[in-house]
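Novice: All the letters of the sequence shown, read from the start, carry residue numbers 1 to 395 under full-length UniProt numbering. The beta-carbon is built from N, C-alpha and C at its ideal position, and this holds for glycine as well. Shown below is the structure under consideration.
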Amino acid sequence: DAYDAVENPSGIVNLGVAENSLMHDVLVKKLSTLVTFKKNLLSYGTYYGTEALRVGIANLFNRNLHPAKPFTSKHLTVHNGAGPALDQLTFALCDPGDGILMTTPYYGGFDFDLAAKAQAQIIPVELQETSPFELAHVAKLEAALNKARDQGVVVKAICICNPHNPLGACYPVEVLEELLRFANRNGLHVISDEIYALSVFNEDAGSSFRSVFSLPNLESLISPSSVHMVWSFSKDYCANGLRVGVVLSPYNPELIESLQSVALFTGISSTTDSLLTSLLREESWMDWFVEENKRRLLQSYQRLSGFCDEHSILYQPCSAGHFVWFDFRREVELLRLSGDTEDAEVLLWNAFISNGVYTAFGGAFHSEVPGYFRITFTVPWEILEIGLSRMFAVI
Numbered sequence: 001d002a003y004d005a006v007e008n009p010s011g012i013v014n015l016g017v018a019e020n021s022l023m024h025d026v027l028v029k030k031l032s033t034l035v036t037f038k039k040n041l042l043s044y045g046t047y048y049g050t051e052a053l054r055v056g057i058a059n060l061f062n063r064n065l066h067p068a069k070p071f072t073s074k075h076l077t078v079h080n081g082a083g084p085a086l087d088q089l090t091f092a093l094c095d096p097g098d099g100i101l102m103t104t105p106y107y108g109g110f111d112f113d114l115a116a117k118a119q120a121q122i123i124p125v126e127l128q129e130t131s132p133f134e135l136a137h138v139a140k141l142e143a144a145l146n147k148a149r150d151q152g153v154v155v156k157a158i159c160i161c162n163p164h165n166p167l168g169a170c171y172p173v174e175v176l177e178e179l180l181r182f183a184n185r186n187g188l189h190v191i192s193d194e195i196y197a198l199s200v201f202n203e204d205a206g207s208s209f210r211s212v213f214s215l216p217n218l219e220s221l222i223s224p225s226s227v228h229m230v231w232s233f234s235k236d237y238c239a240n241g242l243r244v245g246v247v248l249s250p251y252n253p254e255l256i257e258s259l260q261s262v263a264l265f266t267g268i269s270s271t272t273d274s275l276l277t278s279l280l281r282e283e284s285w286m287d288w289f290v291e292e293n294k295r296r297l298l299q300s301y302q303r304l305s306g307f308c309d310e311h312s313i314l315y316q317p318c319s320a321g322h323f324v325w326f327d328f329r330r331e332v333e334l335l336r337l338s339g340d341t342e343d344a345e346v347l348l349w350n351a352f353i354s355n356g357v358y359t360a361f362g363g364a365f366h367s368e369v370p371g372y373f374r375i376t377f378t379v380p381w382e383i384l385e386i387g388l389s390r391m392f393a394v395i
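Structure below.
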């Protein structure tokens with residue numbers, strides 16, 4: 001029952017899925033000029049990405065992530081989305097029952113991506129009043145690690161999302177460095193999900209983004225063979241439906257070889273491979289797209305924050321990604337005090353849906369405190385304004 005201004009104006013406005021449609025007009029126009037179909041595309045391709053595609057992705061990363069050492073096509077594998085990329089990576093790193101540390105709140109999809117096939121277990125680390133962007137939170141990771149080990153869990157990795165989902169902020173360099181030191185002294189792999197790396201739209205609002213592989217002192221902080229990055233075209237290039245994700249592990253050729261050996265299960269189509277290869281060759285356009293997307297992201301965020309300020313809606317300022325972490329703790333507490341026996345946060349979420357707007361509630365992100373909601377702002381303003389107004393009418 002999706003909202004449509006003409007066909008279904010009373011339908012539900014979707015502000016709960018992290019999808020950026022702000023650049024769809026530009027992307028559709030560009031891709032339409034690149035679509036060609038030759039008979040070779042009807043044959044089997046290279047399941048982990050053709051050499052040409054991987055060269056294009058490596059070049060894109062070199063221009064935008066500024067790695068301490070340049071990436072090459074040998075450093076990465078291509079999969080049908082970031083979720084399958086994480087799935088294969090975890091399957092290679094973990095045995096069933098192994099633990100992966102992750103601070104809360106975190107993207108709920110990790111529960112499936114990291115555990116469904118590998119049968120690893122996420123160990124949620126609650127931070128109470130500490131922020132994951134503060135050095136102090138590393139002590140809580142240490143405590144959670146020791147507790148898990150005391151319980152007989154073999155902890156294999158720590159997973160971070162940078163820029164963060166759902167908080168929409170970037171890890172400061174000093175925190176990244178301390179996380180790497182923590183992983184190194186405890187023999188852990190580091191999985192850095194950088195799916196929003198090129199969607200940092202306001203570096204003045206907080207720390208600027210640094211990819212884990214851009215740190216010049218990486219090799220003095222940790223054995224770099226233990227560091228792995230995941231990225232996708234879904235977010236930074238507004239193409240959730242193309243289903244193309246990447247695992248980057250430049251210091252671990254054995255891992256790359258392992259991922260290649262099972263790439264049959266997560267290969268992308270030859271058509272998609274060819275289309276993106278053509279797009280990546282247009283480097284100036286690809287880089288222009290990133291900058292124009294950042295401009296539109298900032299504009300949409302400013303409109304949303306202006307609406308919230310005008311209507312006294314609490315939220316956490318952000319600088320990256322597609323969403324804002326709204327604070328409806330007061331409203332949820334009022335619902336709880338009214339005597340409802342059901343989960344007050346879910347009651348509010350259902351009330352939003354009943355009034356025609358879909359959101360993502362904090363429980364889906366393992367938030368410790370009920371009342372936080374993730375709201376996507378990467379939709380046209382005329383739709384976003386309707387969704388926000390429907391939310392405001394409820395609260």
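1. Based on Cα-Cα distance, which residue from Y44, P105, G83 lies nearest to H366?
2. Quick check: the Cα distance between L127 and H164, rounded to an integer number of angstroms?
3. Identify whether residue 405 lies in helix, strand or coil by the three-state DSSP scheme.
4. In whole angstroms, what is the alpha-carbon distance linking L86 and V247?
5. Can we say the stretch 345 to 361 touches the stretch 182 to 199, given the rule of at least three CB pairs closer than 8 Å?
6. Going by C-alpha distance, which of F377, L176, S278 is nearest M23?
7. Between which residues of its own chain and S234 is the CB-CB distance below 6 Å, once the five residues before and five after are set aside?
8. By the three-class DSSP mapping on this structure, what secondary structure does H311 have?
9. Taking the alpha carbon of E257 as the point to measure from, which residue in L198, L93, F61, F323 has its own alpha carbon closest?
10. For I57 versus L279, is the C-beta distance shorter than 8 Å?
11. Rounded to the nearest angstrom, what separates L101 and V227 at their Cα positions?
12. If you reduce the DSSP assignment to three classes, tell me which class L76 lands in.
13. On the three-state DSSP scale, how would you describe M286?
14. Can F289 and V35 be called in contact, C-beta distance under 8 Å?
15. C318 and A169: beta carbons closer than 8 Å?
16. Taking the alpha carbon of A183 as the reference point, which residue from A148, D150, L221, L215 has its own alpha carbon closest?
17. Determine the closest residue to N59 out of F71, G81, E174, with distance taken between C-alpha atoms.
18. When the Cα atoms are used, what is the spatial distance from A139 to P253?
19. Could you check whether L384 and S312 sit closer than 8 Å to each other, using their CB atoms as the reference points?
20. Should the stretch 348 to 362 be regarded as contacting the stretch 261 to 272, the criterion being three or more beta carbon pairs within less than 8 Å?
Specialist: Inspection of the coordinates gives the following:
1. P105
2. 15 Å
3. This structure leaves residue 405 out entirely; the chain is present only between 1 and 395.
4. 8 Å
5. no
6. F377
7. N240
8. coil
9. L93
10. no
11. 15 Å
12. strand
13. helix
14. no
15. yes
16. L221
17. F71
18. 32 Å
19. no
20. no
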